[in-house]
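Only one structure is covered here, and it is reproduced in the block below.
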Amino acid sequence: MQLDNVHKAPWNFMWIDGQKVKSANSFEVRNPATGEVIGWVPKGGEAETTQAIEAAARAFPKWSKLPAKERAHYLQDWADRILLHQQELAHLLTLEQGKPFAESMGEIAGAADFIRWYAEEGKRAYGELIPPSRTAQRILVMRQPVGVAGLITPWNFPAAMVTRKAAPALAAGCTVVLKPAKQTPQIAIALFQHLMDTGIPEGTANLVTGDAAAIGDTLLTDPRIRKISFTGSTEVGKKLMRQAADQVKRLSLELGGNAPVIVFPDADLEKAVDAIIDNKFENCGQVCNGINAIYAHIEILEQLSKKIAERVQQLKVGNGTVPGVQVGPLIDEAARQKVEALVAEAVEKGARVLTGGHRLEAGQFQDGTFYAPTVLDRVTRQMAIAHEEIFGPVAPILSFATEEEVLSYSNATPYGLAAYVFTRDVGRVFRMSEGLEFGMVAVNGTSLSVPQAPFGGIKESGTGREGGHHGLEEYLEYKYVALTLD
Ligand code: ADP
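At the far end of the sequence shown sits residue 486, using this note's numbering, and the numbering has no gaps.
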């Protein structure tokens, strides 16, 4: 394997109609761990997006009519090629996004896993034959692909989000136009290289990079785009929802979250701490279903805080390419400033810093956007950090006394993506799972994303699901055919 060559690969083109397309202007991509420029990517806009939509619309009739089994061949081949190049792709992902190499390896494997699962699930888009009301009547329900899908992906899981959207869309028979985030476009371009290498028909999958608003507006106003799937901020998600209304486009939105983890005294505290650290510090805390507030029952508050702080002090921070590093940099300076401001406000209002609480700027950290893994206790609900999405390596600890109280604290947010509960009381498991107003609840664990389960949120965390047979539905329409026998 030639890791040295990976970041030098010129991922400086878009994919339109099966061709590599450059543009007159480009924008730079930086490594957040070093500040180095690692690539230049085309600054596409309305014209390129329109070309991509045209290509996808031309490819749709043929692709949508292929038997699912044949679409699955391309998808399986795509997954195989990704896994064959797992290390190079993971290296590129770490350079561009900052996450530790081991996490990048996991993300690439997960990205391939999604493709494999949907290659199979696409074969199960069954129709129905419904019992009639009259002798000569037949009621059929077909499920057909919605059409060309516009896919907009974020920078925090820039490989997994590409396949989590493209795989179900392509498996369902849709053709796609994908726009990756400006911070992490190269990994998406590289993944598409492997898709093109399968020989997938031209125009089936297109990718445009550049001006987010121009590309977004074109996707939202072109009537040939029948579906938008977006993962990103609630603010942009709301804008897209408003725009989609004009043409009543189908929408899947996976937006911000504010996940509580609730630890009861009967929980296995060692296991809870492990799971909390795994979730909270994955990807430097930049995970949409990442823990935002730790609610510790008053009986175990001191004990839990101490254990968490001890573990966090041991986390190894650094450039994700260095073996053993567990926490990389934040994606950019704006993200670091946001984290800093939230911590400052909390401390001013009385939170106590158990560890961390500052940026890292000396020595190996000087050119990157690093922030020390942080644990705060004595956090109260009056502090912004308890209810705003942190998206950084900061664990705020709050306390509670009763189930009712912690349920009301947890639900008092416009978000509703994920919640976590640690308890061994089966009655409490049900009361909490039923009472928490979130799209996903994990009990005695903090990991959620697998291809076969419906990942997604309620309230302002979004609409629609990714994963599972539910995720395929997002790209299918029902057609009811009423047939009268002659
Ligand atoms: P984050 O806060 O995680 O960066 P964003 O919502 O800004 O989230 O970005 C998520 C994705 O949405 C990215 O691909 C970004 O380029 C894209 N995006 C940002 N603004 C717009 C817009 N006005 N229209 C369409 N897509 C947009």
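All C-beta atoms, glycine included, are put in the ideal place defined by N, C-alpha and C.
Practice task
Rounded to whole angstroms, what's the CA-CA distance from Pro396 to Gln19? Just pull it up for me.
Solution key: Between the alpha carbons of Pro396 and Gln19 lies a distance of about 48 Å.
Practice task
Sort out for me which residues DSSP pairs Glu466 with in a bridge.
Solution key: Phe455.
Handout entry: Three-state secondary structure (DSSP) of Met1
Key = With a pLDDT of 41 at Met1, under the threshold of 50, the modelled position of this residue cannot be trusted; read the value that follows with caution. Note: Met1 maps to coil in three-state DSSP.
Practice task
Taking all protein chains shown into account, decide if Ile262 is buried (16 or more other Cβ within 10 angstroms of its Cβ) or exposed.
Solution key: In summary, Ile262 is buried, with 16 or more beta-carbon neighbours lying within 10 Å of its beta-carbon over all protein chains present.
Practice task
Would you kindly report the start and end of the unbroken beta strand (DSSP E) that includes Arg311?
Solution key: Per DSSP, Arg311 belongs to no beta strand (DSSP E); it is in the alpha helix (DSSP H), 301–313.
Practice task
Could you tell me which of Ala272, Ala52, Gln97, Thr49 sits nearest to Tyr33, measuring between CA atoms?
Solution key: For the record, residue 33 in the displayed sequence is Ala; it is not Tyr. Checked all of Ala272, Ala52, Gln97, Thr49; the closest Cα to Ala33 is Gln97.
Handout entry: Ile38 beta carbon near ligand 1 (any heavy atom closer than 7 Å)
Key = Not under cutoff, so the answer is no.
Practice task
Report yes if the C-beta of Trp15 is less than 7 Å from at least one heavy atom of ligand 1; otherwise report no.
Solution key: Checking the Cβ of Trp15 against ligand 1 gives no.
Handout entry: Lys280 - DSSP class collapsed to helix/strand/coil
Key = Residue state, collapsed to three classes: helix.
Practice task
Compare the C-alpha of Gly45 against each of Val208, His85, Ile300 and name the closest.
Solution key: Nearest C-alpha to Gly45: Val208.
Practice task
Classify Asn206 as buried or exposed, calling it buried when 16 or more other Cβ atoms lie within 10 Å of its own Cβ.
Solution key: By the beta-carbon neighbour count (other beta carbons within 10 angstroms, threshold 16), Asn206 is buried.
Handout entry: Contact with chain D by Pro373, beta-carbon distance below 8 Å
Key = In the structure shown, chain D does not exist; there is a single protein chain.
Practice task
Identify whether Thr374 lies in helix, strand or coil by the three-state DSSP scheme.
Solution key: Strand at Thr374.
Problem - For His387 and Ser408, the rounded distance between their alpha carbons - result: Take the alpha-carbon of Ser408 and the one of His387: they are about 13 Å apart.
Practice task
Find out if the Cβ-Cβ distance for the pair Arg352, Leu330 is shorter than 8 Å.
Solution key: Taking 8 Å as the cut-off, the beta carbon of Arg352 is found no closer than this to the beta carbon of Leu330.
Practice task
Mind reading off the beta-carbon distance from Gly257 to Asn289? Whole number of angstroms is fine, and I expect it under 8 Å.
Solution key: The pair is a contact, with the Cβ atoms about 6 Å apart (cut-off 8 Å).
Practice task
Output yes or no for whether 8 Å exceeds the beta carbon distance between Val41 and Trp15.
Solution key: Cβ atoms of Val41 and Trp15: not closer than 8 Å.
Handout entry: Euclidean distance between Cα positions of Leu83 and Gln183
Key = Leu83 and Gln183 have their C-alpha atoms spaced approximately 24 Å apart.
Practice task
Consider the C-beta atom of Val41 and the heavy atoms of ligand 1; say whether any pair is separated by less than 7 Å.
Solution key: Answer for Val41: no, Cβ out of range of ligand 1.
Exercise for the section: Return yes when at least one heavy atom of ligand 1 lies under 7 Å from the C-beta of Thr355, else no. Expected result: Not under cutoff, so the answer is no.
Problem - Sequence ranges, beta strand (DSSP E) only - wholly within the stretch 148–208, length at least 3 - result: Contiguous beta strand (DSSP E) elements confined to the stretch 148–208 occur at 148–152, 175–179, 205–207, taking only those with 3 or more residues.
Exercise for the section: Within 10 angstroms of the Cβ of Ala172, are there 16 or more other Cβ atoms? Answer buried if so, exposed if not. Expected result: It counts as buried.
Practice task
Taking 8 Å as the threshold, find out whether the stretch 457–473 comes into contact with the stretch 162–180 through three or more Cβ pairs.
Solution key: Touching, per the Cβ criterion.
Problem - Residue burial classification, Gly487 (beta-carbon count within 10 angstroms, cutoff 16) - result: Here the chain covers residues 1 to 486 and nothing more, so residue 487 does not appear.
Exercise for the section: Taking only heavy atoms of ligand 1 into account, decide whether any of them is closer than 7 Å to the Cβ of Ile308. Expected result: Result no, Cβ not under 7 Å from ligand 1.
Problem - Sequence-distant residues of its chain with Cβ nearer than 6 Å to Glu474 (five each side left out) - result: If you ignore the 5 residues before and after Glu474, its C-beta comes within less than 6 Å of the C-beta of Ser252, Gly464, all in its own chain and listed in chain order.
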